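In this note's numbering, the protein residues as written are 100 to 207.
Glycine included, every Cβ here is placed at the ideal spot set by N, Cα and C.
As the structure is a computational prediction, the values presented were derived from the model and not from experiment.
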Amino acid sequence: MTFQEAFKEIREHFMQADVSRINEKIAVQINLTGEGEGIFYAEIKDGYLSVEPYDYHDRDLLFIVDTKDFIKIASGKMSAEKAFLTKKLIIEGDLDKAMKINEILKQQ
100 MTFQEAFKEI REHFMQADVS RINEKIAVQI NLTGEGEGIF YAEIKDGYLS VEPYDYHDRD
160 LLFIVDTKDF IKIASGKMSA EKAFLTKKLI IEGDLDKAMK INEILKQQ
């Protein structure tokens, strides 16, 4: 799997999320490791979601995760909590905002 293939699949899952009730800015950079490794970001701002394949230097959070595991998280096949507790998902930054991202991921 290439990064472009992984990003496309993850983006499709993310774009289904309803973020209309989130009125604050939350910016997450996701560093995918392993097969299909690469970097992308997801930003929620004024109830709108953007997911793009770029570094995000002014981020609130950084997720470091294996590509296959993040696809499972994005598709709802693995919970972010389980991934975090088993050290498959490393989170750096504002943990309050990470909890909000987790609620969005649970919609999938």
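Exercise for the section: Can you give me the start and stop residues for the beta strand (DSSP E) that Gln128 sits inside? Expected result: Ile125 to Thr132
Problem - Backbone CA spacing between Leu148 and Lys205 [nearest angstrom] - result: 16 Å
Problem - Spatial neighbours of Ser119 in its chain, beta-carbon cut-off 7 Å, leaving aside the 5 residues before and after - result: Gly146
Exercise for the section: Specify the secondary structure class of Asp165 as computed by DSSP and reduced to three states. Expected result: strand
Practice task
Identify, in the order they occur along the chain, each residue of the same chain with its Cβ nearer than 7 Å to the Cβ of Glu151, setting aside the five sequence neighbours on each side.
Solution key: Phe139 and Tyr140
Handout entry: Proximity below 8 Å, CB of Thr132 to CB of Asp159
Key = no
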